[in-house]
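Heads up, the sequence shown is in UniProt numbering, so the first residue is 1 and it goes up one at a time. First the structure, in the form of structure tokens, and then the observations on it.
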Amino acid sequence: MVAPIKQSHHQNPIFDALYCEEERFDDPKLEEIEKPPFANHDFFWEEEELKNLLIKEINEIPLIFDEIISDSSLKSARNEAISWMLKTIRCYAFNASTASLAVSHYDRFITSRCFQRERPWMSQLAAVACLSVAAKVEETQVPLLLDLQVEESKYLFEAKTIQRMELLVLSTLQWRMNPVTPMSFVDHIARRFGFVKNLHWEFSRRCESVILSAIADSRLVRYLPSVIAAATIIYAIREIGEEDTVEYEDQLMIVLRASKQEIDDCLTLILEAMGGLIRKSCCKRKFDSIPSSPSGVIEAYFSSDSSVDSWAVALSASSSPEPLFKRSRAMSIGLANRTT
């Protein structure tokens with residue numbers, strides 16, 4: 001019974017057409033498409049998208065590097081906040097795009113007029129809010145605001161306080177929720193890289209790993225996202241061990257319009273950060289004074305004029321946000337009393 005069925009397949013013109021289509025995959029001419037690392041019809045078909053990214057990048061250039069580097073207290077607060085972000089990102093397996101976006105939001109906010117440096121809790125609250133906003137943009141599943149604070153930090157904030165800070169951050173950033181980040185360019189190049197070689201996922205994974213390892217280094221703020229992306233991509237290509245590495249690097253500099261010296265400097269910095277030269281010191285937490293609470297400050301801000309300029313005078317004094325170690329100790333005492 002098998003033979004007649006097999007014969008009827010050959011007599012059916014529909015199956016004949018299918019067999020012809022399958023044979024075309026053996027055409028040796030198709031192998032020529034994979035030879036050039038950046039073939040014009042593969043690499044430049046999304047030229048308009050790349051052009052828009054580069055234009056948007058120039059328009060969003062933040063003049064924040066000098067401010068972050070020159071202010072030791074701001075730099076220290078940034079290191080601590082981003083360290084917490086990265087721990088939380090690893091805990092929930094968020095992607096590198098979420099990390100890049102959260103750090104971008106945070107850097108732009110802490111260098112704005114709305115950021116109160118004298119409030120020791122504000123940096124942590126901003127970190128939680130920026131990560132929450134970024135996760136809502138990039139992730140398909142986002143934990144509750146209280147659950148987002150699983151990693152150790154000085155303060156634990158209520159959900160309504162974080163929500164108000166989210167609005168403050170977004171209004172300060174003029175609701176630009178999707179700025180250009182290094183991952184914007186990495187994602188773009190990764191798609192094109194996939195047309196050339198069957199290494200798309202390996203390439204993307206290595207790039208994400210590099211960015212997550214180096215993003216906490218405040219010195220990276222001096223470079224444009226395209227330059228950081230170029231340095232990251234070059235590192236990943238070298239790690240993969242591509243034969244056409246030099247040609248890839250030359251094409252990247254042309255396409256991303258970045259200088260070799262700038263990319264090399266950025267790559268050196270990334271290698272230093274990944275090599276462990278940038279370490280965050282673990283300092284003892286001191287609570288010398290009682291600051292105004294985040295709820296009080298943000299409540300005053302939203303009850304006053306809606307403009308960003310009004311933040312400077314929108315302060316009110318109330319109780320301090322409760323440090324986590326005090327809250328944990330209080331809960332332990334409460335449980336002990338119940339059992340006695």
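We put the beta carbon where it would ideally sit given N, CA and C, even for glycine.
Where does Ala93 land, buried or exposed, given buried means 16+ other C-beta within 10 angstroms?
exposed
Count the CB pairs spanning the stretch 222–238 and the stretch 179–191 that are closer than 8 Å, and state whether there are at least three.
yes
Looking at the structure shown, is Tyr155 part of a helix, part of a strand, or coil, going by DSSP?
strand
How would you call Cys91, buried or exposed, if buried means at least 16 neighbouring beta carbons within 10 angstroms?
Cys91 comes out exposed.
How many Å lie between Ala127 and Leu220 at the Cα?
18 Å
Could you have a look at Phe115 and say whether DSSP puts it in helix, strand or coil?
coil
Compute the distance between the beta-carbons of Glu166 and Val133, then report whether it is under 7 Å.
yes
Rounded straight-line distance, which links the Cα of Glu57 to that of Gln261:
20 Å
Leaving out five residues on either side along the sequence, give the residues of the same chain with a beta carbon under 6 Å from the beta carbon of Arg176.
none
Take the Cβ of Val255 as the centre, count every other Cβ of all protein chains shown within 10 Å, and call the residue buried at 16 or more, exposed below.
buried
Between Cys130 and Ala102, is the Cβ-Cβ spacing less than 7 Å?
yes
What do you get for Asp264, buried or exposed, if any count of 16 or more other CB atoms within 10 angstroms of its CB means buried?
exposed
According to DSSP, is Leu315 part of a helix, a strand, or is it coil?
Confidence at Leu315 is low in this model, with a pLDDT of 31, below 50, so its placement is unreliable and no value can be given for it.
Go through its chain and collect everything with a Cβ distance to Glu138's Cβ below 7 Å, but skip five positions before and after it.
Asn95, Ser97, Thr98 and Leu101
Alpha-carbon to alpha-carbon, Thr172 and Arg192:
35 Å
Which of helix, strand or coil DSSP assigns to Glu272:
Assignment of Glu272 by DSSP, reduced to helix, strand and coil, places it in the helix class.
Helix, strand or coil at Phe25 [DSSP, three-state]:
A caution first: Phe25 carries a pLDDT of 46, below 50, which makes its placement in the model too unreliable to give a value.
Under the three-state DSSP convention, the category Glu166 falls into
The answer is helix: DSSP assigns Glu166 an H, G or I state.
Mind checking which residues open and close the alpha helix (DSSP H) that includes Ile215?
From DSSP, Ile215 is part of no alpha helix (DSSP H); its letter is neither H nor E.
For Ser73, tell me which candidate among Ala135, Leu156 and Ser123 has the shortest Cα-Cα distance.
When C-alpha distances from Ser73 are compared across Ala135, Leu156 and Ser123, the shortest belongs to Ser123.
On the criterion of 16 or more Cβ atoms from any shown chain inside 10 Å, does Ile55 qualify as buried, or is it exposed?
exposed
Taking the Cβ atom as the reference point for each residue, do Glu47 and Thr88 lie within a distance shorter than 7 Å?
At a Cβ-Cβ threshold of 7 Å, Glu47 and Thr88 do not count as neighbours.
Indicate the three-state DSSP secondary structure (helix, strand or coil) for Gln124 in the structure shown.
helix
Can you look up residue 368 in the DSSP assignment and give me helix, strand or coil?
This structure leaves residue 368 out entirely; the chain is present only between 1 and 340.
Buried or exposed for Glu118, please, with buried defined as at least 16 other CB atoms from any protein chain shown within 10 angstroms of its CB.
Flag for Glu118 reads exposed.
For Gln251 and Ser259, the rounded distance between their alpha carbons
Near 12 Å, if we compare the C-alpha coordinates of Gln251 and Ser259.
Terminal residues of the alpha helix (DSSP H) in which Arg78 lies
Ser72 to Tyr92
Closer than 8 Å by C-beta to Lys75: which residues in its own chain qualify, once you throw out the five before and the five after it? Chain order, please.
Around Lys75: Ile68, Ile69 and Ser218.
How many Å lie between Gly275 and Leu269 at the Cα?
10 Å
Put Ala129 into one of helix, strand or coil per three-state DSSP.
helix
Own chain, CB closer than 7 Å to Tyr235, minus 5 neighbours either side, in chain order
Val210, Leu267 and Ile270
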